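Novice: Chains as they are written, first to last, in numbering that gives the first Met the number 0: chain A, 0 to 344; chain B, 0 to 344. Ideal placement from N, C-alpha and C gives every residue a C-beta, glycine not left out. Source: prediction; values computed, not measured. Here it is: the structure, laid out below.
Number of protein chains: 2
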Amino acid sequence: MRNIRLEDVARKAGVSMKTVSRVVNGEPNVRANTQEKVLEAIKLMNYRPNASARSLAGNRSYLVGLLYGDVSPAYLFEVQNGALKAGNETHYGLVLHPCETVEDDVSGDVADFLKQSRVDGLILTPPISDNMALIRLLDAEKIPYVRLSPMDSDMGMTVSIDEKQAAAEMMKHLLDLGHRRIGFIKGPMAHGASRWRYESYKASLEKTGIIFNPALVADGDFSFDSGKIAAEKLLSGGNPPTAIFASNDNMAAGVIHTAFERGLQIPRDISIAGFDDAPLARQLWPSLTTIHQPMRGMGHMAMAQLLTMIRGDDCAGPEQSILNYELIIRASTANVGRGQSHPHP
Amino acid sequence: MRNIRLEDVARKAGVSMKTVSRVVNGEPNVRANTQEKVLEAIKLMNYRPNASARSLAGNRSYLVGLLYGDVSPAYLFEVQNGALKAGNETHYGLVLHPCETVEDDVSGDVADFLKQSRVDGLILTPPISDNMALIRLLDAEKIPYVRLSPMDSDMGMTVSIDEKQAAAEMMKHLLDLGHRRIGFIKGPMAHGASRWRYESYKASLEKTGIIFNPALVADGDFSFDSGKIAAEKLLSGGNPPTAIFASNDNMAAGVIHTAFERGLQIPRDISIAGFDDAPLARQLWPSLTTIHQPMRGMGHMAMAQLLTMIRGDDCAGPEQSILNYELIIRASTANVGRGQSHPHP
DNA sequence: ACATATATTGACAGCGCTGTCAATTTGTGT
DNA sequence: ACACAAATTGACAGCGCTGTCAATATATGT
Numbered sequence: 000m001r002n003i004r005l006e007d008v009a010r011k012a013g014v015s016m017k018t019v020s021r022v023v024n025g026e027p028n029v030r031a032n033t034q035e036k037v038l039e040a041i042k043l044m045n046y047r048p049n050a051s052a053r054s055l056a057g058n059r060s061y062l063v064g065l066l067y068g069d070v071s072p073a074y075l076f077e078v079q080n081g082a083l084k085a086g087n088e089t090h091y092g093l094v095l096h097p098c099e100t101v102e103d104d105v106s107g108d109v110a111d112f113l114k115q116s117r118v119d120g121l122i123l124t125p126p127i128s129d130n131m132a133l134i135r136l137l138d139a140e141k142i143p144y145v146r147l148s149p150m151d152s153d154m155g156m157t158v159s160i161d162e163k164q165a166a167a168e169m170m171k172h173l174l175d176l177g178h179r180r181i182g183f184i185k186g187p188m189a190h191g192a193s194r195w196r197y198e199s200y201k202a203s204l205e206k207t208g209i210i211f212n213p214a215l216v217a218d219g220d221f222s223f224d225s226g227k228i229a230a231e232k233l234l235s236g237g238n239p240p241t242a243i244f245a246s247n248d249n250m251a252a253g254v255i256h257t258a259f260e261r262g263l264q265i266p267r268d269i270s271i272a273g274f275d276d277a278p279l280a281r282q283l284w285p286s287l288t289t290i291h292q293p294m295r296g297m298g299h300m301a302m303a304q305l306l307t308m309i310r311g312d313d314c315a316g317p318e319q320s321i322l323n324y325e326l327i328i329r330a331s332t333a334n335v336g337r338g339q340s341h342p343h344p
Numbered sequence: 000m001r002n003i004r005l006e007d008v009a010r011k012a013g014v015s016m017k018t019v020s021r022v023v024n025g026e027p028n029v030r031a032n033t034q035e036k037v038l039e040a041i042k043l044m045n046y047r048p049n050a051s052a053r054s055l056a057g058n059r060s061y062l063v064g065l066l067y068g069d070v071s072p073a074y075l076f077e078v079q080n081g082a083l084k085a086g087n088e089t090h091y092g093l094v095l096h097p098c099e100t101v102e103d104d105v106s107g108d109v110a111d112f113l114k115q116s117r118v119d120g121l122i123l124t125p126p127i128s129d130n131m132a133l134i135r136l137l138d139a140e141k142i143p144y145v146r147l148s149p150m151d152s153d154m155g156m157t158v159s160i161d162e163k164q165a166a167a168e169m170m171k172h173l174l175d176l177g178h179r180r181i182g183f184i185k186g187p188m189a190h191g192a193s194r195w196r197y198e199s200y201k202a203s204l205e206k207t208g209i210i211f212n213p214a215l216v217a218d219g220d221f222s223f224d225s226g227k228i229a230a231e232k233l234l235s236g237g238n239p240p241t242a243i244f245a246s247n248d249n250m251a252a253g254v255i256h257t258a259f260e261r262g263l264q265i266p267r268d269i270s271i272a273g274f275d276d277a278p279l280a281r282q283l284w285p286s287l288t289t290i291h292q293p294m295r296g297m298g299h300m301a302m303a304q305l306l307t308m309i310r311g312d313d314c315a316g317p318e319q320s321i322l323n324y325e326l327i328i329r330a331s332t333a334n335v336g337r338g339q340s341h342p343h344p
C-alpha cells in the first residue's frame, strides 16, 4: 500500500498541493475555511509529510544535531530528552553525533557530519561548546548553533545557569555550617563550568576573609576515579579540610568512597558537596548535597532557541538564557565538628 | 558556495552519474580502474552524498530508530553509543524516539514516527521489546527490527545475554558464601529480563534444596525508590535475609541506602547484589557485586544485525545473539555472618 | 462603480539521487 | 574469426515536496 502523499490530500480537499503544503507548514495567507478543509482531509487520510522529500525540496532537514564528547550518561540523557521534547512540538528530530574530543580535529569530523546529515542546527554540549575552531567553522558556514554552559557567553546563543552564583551559594552553605577549611576539587579546565566554579570558590573564600590555600585544591576531570585520587590527596595532609566541595557529583561520589575507605564518617567527620544533582546524588549514602542543574530544561531551551533561530529567517540576535539552579541540601553536609545537623533522609 | 553533487563528480571522473552512484553505494559491476578514478574524484572534491536525496530516490532513509521507554540513562547511553558506532561504519544514523510506555497506544505513536522519519529499521529496548501490538505492526509493515532482552526470543532478531544463567551464577556466588536466606527484589514483570531473573532465583533455590519463601521476595520496578521500599519490607520481618539479590543496580542502591539507615553494615550484616553493572555499581560504597551486562556491545550488535538484515534483501532468517555477561564481585557481598571476606576495594 | 492594493491560490520546475532498462564493452567457447 | 553470454556503463524518469511567480479573488479608497 502506497503512502499518502500531498497530492492525495490536495485532491481530497479540492485544493492545490501548494495550499496543502502551506497548511502543513503553518505558512500564512491561507483562508480560515480553506485551512479547515485541508486539516480535515489530512486527518481523514492520516497524512504525514515525507521528511526526505521535504528536506530535499526545501533544502533543510528538519533535524538538529546534538554534538557530545566526554559527558556523563545522565547529563546526555536529560539534555537529549529535553531537546527531543522541544523538537517534537514542531516535528524536528534529533540526530546524535559523538565527537572524539581527544583528537583535535573535531571540526573536520563535524564538517563531514554536517554535509551528510544536513542538520539545520547544532546543540553543543561542553566541552565542545568551547571549541573555538568549531565555532569559527559554524559561523563561516552560517549553521545556527546553541552552546550549553560555555566558558564565555558573549557570542551566539547560549544556555546555562549562573555557575558562579550557584557555586557561591554552595560555599555559603558550607561556610554557614561553620566550615573554614574547605577543600575544592577542580573539573577539567577545558570546561567553562569548571572554571566558573573554581573562580567562585576562590571568590567566596576571599569575601569571607579566608586565605586561599592551594593545598586544599586538587585537580580532577569530572570522573569518579579522579575524585577518589583527589580525595586521597586532600585527606592525606596533616590538617585535612572539614568539608570538600567537588565540582561535580561523580567526583563527590569518589570522595565519599575514599572517605569511607579511610574510616571517616560523613558528615560527622567531613562534609561533602557536589554539583549537578545527577541521579546518583540521591542514591548515594549519605545522599549528596549538591546544586541542581536543570539539565532537561537546558536541553529543551537549547532546542527551542535553535528553532526560533532556524525558523525566523533573520536571527533575533544573540541571546543568552540563564536558567535557575537550586541548592539541594541532603545528608552529606553538616555543621563542622559536630555532624548530624541534618538527619539522614 | 553550492555543494558538490553526484553530477560534478561524474563529470570530473569522466563517467556517468549512475556509475558514481554505484561506487558510492558499493554496488557490484564496476571495473576496478573505473572505481579508482571515481574514488579519486570523490576524494578530490570532498564529495558527500546528500542524505535526503538518497532517501527520497531510494525509498530508504539510512536511518535507524531507537525506541525507548522507561530505561535508565546509563543503559540508554551505552546502547545508543554502541549502535551509533556500528552504524557509523556504514553511514547509518540513529534517530531517537522516546515512547510513553504509560499509554497503551505505543503502536500508533510509533506508526506516526515511522511514516515521518522513514527509518529503515528499529531497535527496541525493553520493555517495548515485548509489546506485542507493536511487533505485529512491524511485522505487517515489514519493518526490520531487533529486540533487546525480550521475554521470548522465538521470533525475529534479538540480542540478549543468558539472563537465567547469569542470575544463576549470582545465586551460586551468594550460596557459595554460605547464604541460605536470600531475599530477592523483582523487577517490573513487563520486562522479560525481570522474569528470567526471578525464575532463575527460584530455580537456584530449588536446585540447592532450599524451600522458596515468598516472604523473602519483594516487588520492585527497577527504580531506586522501589528498591528502598522493597528493602524496608524485607528487613522488617523477624528473620531478615542475610543477602538480598536485587534485579538491577538501581534497586540494589536503594537497598544499600535503607540498610545504612537501619544501621546495618554491609557486607558484615547483610550482603547485597545487583544486576547490570551500571556506572553506579562501582561508585556506591561499598561497591556493588553485580552482573556485568555488555550494554554497549548489545547496542552495537543490534545495529549490526539490523544492517545486515536491511542490506541483504532476503532476510538471513531470524537470529538470536547471546552475548557474554560477567559476574563482577565487589565489596557488597561476603561470607554469611562473618563479613569482610573481600577487602574493600 | 471603478481602479488599485492586497490577500489567497495554483502551475510547474527542480532539489540530488536511485531504479529501470537499454546500450555498449568485454569475455568465452568453438 | 564468429556467435553468444556476461559484465559494465549510461540515459532518463521520477521519488514527494517546496520555491517561484503568475493568476485569481477579495478588500479598500475615491
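1) For the region 49 to 88 of chain B, which segments carrying the beta strand (DSSP E) assignment without a break, of at least 3 residues, lie completely within its bounds, in sequence order?
2) For L215 (chain B) and R281 (chain A), what's the separation of their Cα atoms in angstroms?
3) With a 10 Å radius around its C-beta and 16 neighbouring C-beta atoms as the bar for buried, classify P344 (chain B) as buried or exposed.
4) What three-state label does DSSP hand M156 (chain B) in the structure shown?
5) From B:D175, B:D224 and B:F76, pick the residue whose C-alpha is nearest to that of A242 (chain B); which is it?
6) Answer with yes or no whether the minimum CB distance from P72 (chain B) to chain A is below 7 Å.
7) Quick check on the burial criterion: 16 or more other C-beta atoms within 10 angstroms. Buried or exposed for G262 (chain A)?
8) Which parts of the region 108 to 164 of chain A are runs of the alpha helix (DSSP H), unbroken and 4 residues or longer, counting only runs that do not cross its ends?
9) Which same chain residues, not among the five before or five after P348 (chain B), have their C-beta less than 6 Å away from its C-beta?
10) Tell me whether the beta-carbon of A301 (chain A) lies closer than 7 Å to the beta-carbon of V105 (chain A).
11) So what does DSSP say about A330 (chain B), is it helix, strand or coil?
12) Can you tell me which of the three DSSP states V14 (chain A) falls into?
13) Please state whether DSSP places V37 (chain B) in a helix, a strand or coil.
14) Return the bridge partner residues of I255 (chain B) from the DSSP annotation.
15) Determine, using beta carbons only, whether M297 (chain A) and V158 (chain A) come nearer to each other than 7 Å.
16) Listing by chain order, which chain A residues have their CB less than 9 Å from the CB of N49 (chain B)?
17) With a threshold of 7 Å between beta-carbons, can L38 (chain B) be considered close to chain A, or not?
18) When DSSP labels each residue in this structure, what does G219 (chain A) get in the three-state scheme?
19) Measure the CB-CB distance between L137 (chain A) and C98 (chain A) and report whether it falls below 7 Å.
20) Our contact map puts M169 (chain B) next to F244 (chain B) with C-beta atoms below 8 Å; I'd like the distance itself, whole angstroms only.
21) Would you mind working out which of B:S246, B:T307, B:A31 and B:L305 sits nearest G191 (chain B), comparing C-alpha positions?
22) Under a Cβ-count criterion, where at least 16 other Cβ atoms within 10 Å of its own Cβ denotes burial, should F76 (chain A) be classed as buried or exposed?
23) For a test of the three-state rule: what should DSSP assign to Q304 (chain B), helix, strand or coil?
24) Take L133 (chain B) and list the residues in its own chain whose beta-carbon comes closer than 7 Å to its own, dropping the five residues that flank it on each side.
25) So A82 (chain A) packs on I142 (chain A), CB below 8 Å; how close in whole Å?
26) Of the residues B:D69, B:N2 and B:G64, which one's Cα is nearest the Cα of S222 (chain B)?
27) Would a check of beta-carbon distances place Q164 (chain A) closer than 7 Å to chain B?
28) Is it a yes or a no for the region 158 to 167 of chain B touching the region 180 to 199 of chain B, going by three-plus beta-carbon pairs under 8 Å?
29) In its own chain, which residues sit with a C-beta less than 8 Å from the C-beta of S270 (chain B), not counting the 5 before and 5 after it?
30) Should S15 (chain A) be labelled buried (16 or more other beta-carbon atoms within 10 Å of its own) or exposed?
31) So with CB distances below 7 Å, who are the chain A contacts of P97 (chain B)?
32) For L93 (chain A), which of helix, strand or coil comes out of DSSP?
33) Round the Cβ separation of I184 (chain B) and A229 (chain B) to the nearest angstrom and send it over; I've been treating them as touching at under 8 Å.
34) Along the chain, where does the beta strand (DSSP E) containing A242 (chain A) start, and where does it finish?
35) Our contact map puts G86 (chain A) next to L93 (chain A) with C-beta atoms below 8 Å; I'd like the distance itself, whole angstroms only.
36) Here's the rule I'm using: 16 or more other beta-carbon atoms within 10 Å means buried, otherwise exposed. How should S60 (chain A) be labelled?
Specialist: Let's see:
1) Complete beta strand (DSSP E) runs here, min 3: 62 to 67.
2) Rounded to whole angstroms, the gap between the alpha carbons of L215 (chain B) and R281 (chain A) is 26 Å.
3) For P344 (chain B), the predicted model reports a pLDDT of 44, less than 50, meaning its position is unreliable; a value from the coordinates is still stated below. Exposed: under 16 other Cβ atoms inside 10 Å.
4) In the structure shown, M156 (chain B) sits in a strand (DSSP, three-state: E or B).
5) Nearest C-alpha to A242 (chain B) among B:D175, B:D224 and B:F76: B:D175.
6) For P72 (chain B), the nearest CB of chain A lies under 7 Å from its own CB, placing it at the interface with that chain.
7) Counting every other CB atom within 10 Å of its CB across the protein chains shown gives G262 (chain A) a total below 16, marking it as exposed.
8) Whole alpha helix (DSSP H) segments, 4+ residues: 131 to 140.
9) With chain B covering only 0 through 344, there is no way to say anything about residue 348 (chain B).
10) Judged by their CB atoms, A301 (chain A) and V105 (chain A) are not nearer to each other than the 7 Å cut-off.
11) In this structure, A330 (chain B) counts as coil in the three-state DSSP scheme.
12) The DSSP-derived three-state label of V14 (chain A) is coil.
13) Correct three-state label for V37 (chain B): helix.
14) Beta-bridge pairing links I255 (chain B) to no other residue.
15) At the C-beta level, M297 (chain A) and V158 (chain A) come within 7 Å of one another.
16) Going along chain A in sequence order, the residues near N49 (chain B) (Cβ under 9 Å) are S54, L55, K114, Q115 and R117.
17) For L38 (chain B), the answer is no, since every Cβ of chain A falls outside 7 Å of its Cβ.
18) Collapsing the DSSP output to three states places G219 (chain A) in coil.
19) No.
20) With a Cβ gap of about 6 Å, M169 (chain B) and F244 (chain B) count as contacting.
21) It is B:S246 whose Cα lies nearest to the Cα of G191 (chain B).
22) Taking a 10 Å sphere around the C-beta of F76 (chain A), we find 16 or more other C-beta atoms and assign the residue as buried.
23) Helix.
24) These residues qualify, in order along the chain: V105, S106, V109 and I127.
25) Not confirmed; about 16 Å, so no contact.
26) The option with the nearest alpha carbon to S222 (chain B) is B:D69.
27) It does not: the Cβ of Q164 (chain A) has no partner Cβ on chain B nearer than 7 Å.
28) Yes: at least three Cβ pairs fall under 8 Å.
29) Contacts found: L173, L176, H178, T241, A242, I243, T288, S331, T332, A333 and V335.
30) With fewer than 16 other Cβ atoms within 10 Å, it is exposed.
31) Chain A residues near P97 (chain B): N80 and L83.
32) In the structure shown, L93 (chain A) sits in a strand (DSSP, three-state: E or B).
33) A Cβ-Cβ separation of about 4 Å places I184 (chain B) in contact with A229 (chain B) under the 8 Å criterion.
34) Counting along the chain, the beta strand (DSSP E) containing A242 (chain A) begins and ends at A242 to A245.
35) Going by Cβ atoms, the distance from G86 (chain A) to L93 (chain A) rounds to 6 Å, so yes, they are a contact pair.
36) It is buried - the Cβ of S60 (chain A) has at least 16 other Cβ atoms within 10 Å.
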